[in-house]
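Residue numbers (the numbering used here), protein chains in the order written: chain A, 1 to 406; chain B, 1 to 406.
Ideal Cβ positions, reconstructed from N, Cα and C, are used throughout, including at glycine.
Shown next, in structure tokens, is the structure this report addresses.
2 protein chains.
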Amino acid sequence: MRKINTRSFVRATRATPREINRQIVLNLVHEHQPISRADLARRMDIGRGMVTSLVDELLSEGSIYEGDTIDAPRGRRPKMLYVRTHDRLVVAIDVRFSQTFVMLSDFAGTAIALETFETVVVPAALVQQLASRITRLLDTHGGTGRCEGIGLVVPGMVDQHSGRVLNAPQLGWKDVDVRDALARATGLPVHIENAPIACALAHMWLGQRGGPVPGDFAYVTVSDGVGVGFVVNGEVVRGHTNTAGEFGHIPLDLKGPTCLCGARGCLEAHTSNLATLARYLGQQLSSATMRPLLQSTRLSITDVIAHARSGDARAIAALDETARYLGIGLSIVINALNPSEIFVGGEIADVWDQLLPTIRAAIADRALTSTAAATPIIPEAASSYPRLRGAIALVAAPLFAAPRVA
Amino acid sequence: MRKINTRSFVRATRATPREINRQIVLNLVHEHQPISRADLARRMDIGRGMVTSLVDELLSEGSIYEGDTIDAPRGRRPKMLYVRTHDRLVVAIDVRFSQTFVMLSDFAGTAIALETFETVVVPAALVQQLASRITRLLDTHGGTGRCEGIGLVVPGMVDQHSGRVLNAPQLGWKDVDVRDALARATGLPVHIENAPIACALAHMWLGQRGGPVPGDFAYVTVSDGVGVGFVVNGEVVRGHTNTAGEFGHIPLDLKGPTCLCGARGCLEAHTSNLATLARYLGQQLSSATMRPLLQSTRLSITDVIAHARSGDARAIAALDETARYLGIGLSIVINALNPSEIFVGGEIADVWDQLLPTIRAAIADRALTSTAAATPIIPEAASSYPRLRGAIALVAAPLFAAPRVA
DNA sequence: CGTAGAATGTTCTTTGAGAGAACTAAATCC
DNA sequence: GGATTTAGTTCTCTCAAAGAACATTCTACG
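Spelled out as structure tokens, the structure:
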């Protein structure tokens, strides 16, 4: 039951039903391909004549294509339809604290090429570096495909209107323009988004074939920070000034450790990778003490995880404590948003099985109902590149989105 | 950018544009009344012919009516349109711990009659009591108006599908059917909702004339519990199993006081009315010690507030501590949801001016950006009956909602 | 084989609402 | 008292949905 915003509404015109039904057809083809026109007619409860007309439109603009006819038990054989993805390319970029990933992919999320380089924190230099890599990638691996756009994922808050990065502490960026700069440098449309929201978008738009594509879920990222991207009614929530989902700085303990944000006892200060490392090293969490220590010991969260997997008691203890706090954090997400499921991304997903009992116990302690406590929680391994998939979704999603109406 | 749910979509038909535009007209009349057809045409950017046709439909079904023609500087005088509200009645019911409120109101939210009685906690008896009062109210005060439905607000979680109250600790209800029972007893459609969501609905649908009707905001209720109703993209968020918005049991301090829910350090255990009372009395918060004490001292939160207003230092100190924790709670809402504004309802709104500096300071400590810290926070006095207004909105809203499409 | 039956896909015709022009109504302004 | 302006109504035109009719292409079965 949505309220119509009388200050900004979209009136329906004679073309509106067609726009809506066209997108429904496109989405049905996307999720059920290969699919025949007759099947579309049955699923949509319209005549086959209508489907022919809608499909013709999608065919002529190249959104879908007609594949082979397939065998049928009786009657005329159907001509199957597919979404055109193989020759539509996307450049996906994931800028992280230490490294930047650039992937050339098709619209379906299939990787064509992947490059990595050390992150350049000076925005202008980064844009130039990216632009030259992108043109090279497209020249060497692009083939006959056309690049439809660039998806850029950054570790920080993004203002969707201006395309500026409002605050990215890991990069030291404050109110930095990269979207428009990269668009100018490459001549391609650029879509920018922060990491947790991008990961949520990936699950919404590039979810597993046949898997559930729920209209409401949350994606929790645990890395140097803790962020949440969440989807309500099939739409990602960005908030009034693009800062929704900052669960990382919710206090668990007002007298707890000092967080890098300056406040005390933040969830992030208990369960981020840095917090786990600090715990493992028996240190206080603070950028002053941690940075030099990490540089000298050359220790990273993946090392702690590897130690835990091979049975190191100290690593296990550190991670188990992290898991307990993560469980509390997840209970906060559950109580606040009541999502149908939660995905958890980050290095910690690689020791999920070992940590799950602790996490579940912490959730059970705090969830208000037994159904809420049983919310499915699905780890996502870093090896599936969730952020890069999010970057792809940024470019691909607008083509599948429902038209804005009313 | 909404994703189309391919498992449950609404196809557009030839009638869809009309349904959409009809609702836009209705909403424009609602928010700008009195308004002329010509003005509607300008606001919607359509021809006056189209408006005539849409308005005729709304007139013939009685949603709107034509008032007087008014003076104009030049040209033919316009005939003004109004939403028909005066003879469409709603029975609004607010069931609370100690008392139950029953209000007869028109569609615009104007009160016609208000009754109060001591809450009967046995569901069947309550339903019978309500039914007899409702028929009497309608007989004596109903006049020529027709009652369009009953809005029922309860202090607990509600399953919208079955209409059952899943859990209402204040009433001792668990999985109790009242919606359908009351509908059977009265022969009227009954809409049921929990208090924070209802209050949010009231602000969305019965917001002040000319005031902002934002598509995203939060409503925080502080009474015996702490709950949040929030709106995203013009739609209230209920969650997958109707338990979204339970911010009251987010921990502020894992070693803090034991909450009535059994966990420790919940926001609610720090900032609910009971917590304030316990603090004022210098007691631990627990139902075992508090209930007899409150009964013997006959002390309620309104007394503490009255003392604070007349300068009682102990009351001021207790409330100031509550305000500090409330500020932290609001910072959680801000960081998680980033709403454009937050309404705060509950008795504490009556000492808002005295507590505001403490609340603002607590928010500033924890909000991540300066714009987020500046989120407008608007207290709502109990004297405006926010819950009863929510009950009215439950009945009135469906008539103004955008049609579900795609 | 040849024909009935069944399923897919295309092409008609019908219908009804949006779009906009033309017209009527009712006021003010020289 | 006619020109002008604004509001509201009534036409006509057009185009997409709806659905019937038709063409196509397969299997099944005598």
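Item	Value
Against chain B, does proline 257/A count as a neighbour if the rule is that its beta carbon must be under 8 Å from one of theirs?	no
Between the C-alpha atoms of glutamine 284/B and arginine 264/B, what's the straight-line distance to the nearest angstrom?	13 Å
Is it buried or exposed, proline 292/A, if we count other Cβ atoms within 10 angstroms and call 16 or more buried?	exposed
Identify the continuous alpha helix (DSSP H) that holds glycine 75/B and give its terminal residues.	Unbroken run through glycine 75/B: none, as it is neither H nor E.
For alanine 15/A, is the classification buried or exposed, using 16 other Cβ atoms within 10 angstroms of its Cβ as the cut-off for buried?	exposed
Serine 370/A to alanine 183/A, Cα distance in whole Å?	49 Å
Taking DSSP as the reference, what is the three-state secondary structure of threonine 221/B?	strand
Which word fits aspartate 45/A, buried or exposed, when buried means at least 16 other C-beta atoms lie within 10 angstroms of its C-beta?	exposed
Can you give me the Cβ contacts of alanine 185/B inside the same chain, cut-off strictly under 8 Å, excluding the 5 residues immediately before and after it?	Val127, Gln128, Leu130 and Ala131
Can you list, in chain order, the residues of the stretch 269-284 of chain B whose Cβ is nearer than 7 Å to any Cβ on chain A?	none
Among Arg42/B, Asp68/B, Arg37/B and Ile70/B, which one has its Cα closest to the Cα of valine 55/B?	Arg37/B
Starting from threonine 371/A, trace the alpha helix (DSSP H) in both directions and tell me its first and last residue.	370-373
Applying the 10 Å Cβ sphere with the 16-neighbour rule, what's the burial state of glutamine 23/B?	buried
Classify tyrosine 82/B as helix, strand or coil using the three-state DSSP reduction.	strand
Under the rule that 16 or more other beta-carbon atoms within 10 Å means buried, what is serine 384/A, buried or exposed?	exposed
At what residue ranges does the stretch 303-390 of chain B contain a whole run of the alpha helix (DSSP H), taking only runs of 4 or more?	313-337, 352-366 and 370-373
Determine, for phenylalanine 9/A, whether the minimum Cβ-Cβ distance to residues of chain B falls below 8 Å.	yes
Can you give the Cα-Cα distance for asparagine 167/B and valine 178/B, rounded to whole angstroms?	12 Å
Can you give me the Cβ contacts of alanine 72/B inside the same chain, cut-off strictly under 7 Å, excluding the 5 residues immediately before and after it?	Pro78
Measuring straight from C-alpha to C-alpha, what distance separates isoleucine 316/B and alanine 308/B?	5 Å
How would you list, in chain order, the residues of chain B whose beta-carbon sits under 7 Å from the beta-carbon of serine 340/A?	His240
Within the 8 Å Cβ cut-off, does proline 403/B reach chain A?	yes
Whole angstroms is fine: what's the gap from methionine 1/B's alpha carbon to glycine 215/B's?	15 Å
Determine the extent of the beta strand (DSSP E) in which glycine 239/B is found, giving its start and end residues.	From DSSP, glycine 239/B is part of no beta strand (DSSP E); its letter is neither H nor E.
Would you decide whether lysine 174/A is buried or exposed? Buried here means 16 or more other CB atoms lie within 10 Å of its CB.	exposed
Candidates Arg43/A, His240/A and Ala111/A: which alpha carbon is nearest asparagine 27/A's?	Arg43/A
How about tryptophan 173/A: is its C-beta nearer than 8 Å to some C-beta of chain B?	no
Do asparagine 338/A and threonine 221/B have their C-beta atoms closer together than 8 Å?	no
Could you tell me the boundaries of the alpha helix (DSSP H) in which histidine 408/A lies?	Since the first residue shown for chain A is 1 and the last is 406, residue 408/A is missing from the structure and cannot be characterised.
Which residues, in chain order, does the stretch 30-42 of chain A contribute to contact with chain B at a C-beta distance below 9 Å?	His30, Glu31 and His32
Which of the three DSSP states, helix, strand or coil, is assigned to phenylalanine 400/B?	helix
Evaluate phenylalanine 117/B with the Cβ neighbour count: other Cβ atoms within 10 Å of its Cβ, from every protein chain shown; 16 or more gives buried, anything less gives exposed.	exposed
Can you list the residues of chain B that alanine 244/A reaches, using a CB-CB cut of under 8 Å?	Ala336, Leu337 and Asn338
Could you check which residue in Ile328/B, Met80/B and Val154/B has the C-alpha nearest to that of aspartate 68/B?	Met80/B
Cysteine 199/A lies in the alpha helix (DSSP H); which residues open and close that run?	195-205
Would proline 17/B be called buried (16 or more neighbouring beta carbons within 10 Å of its own) or exposed?	buried
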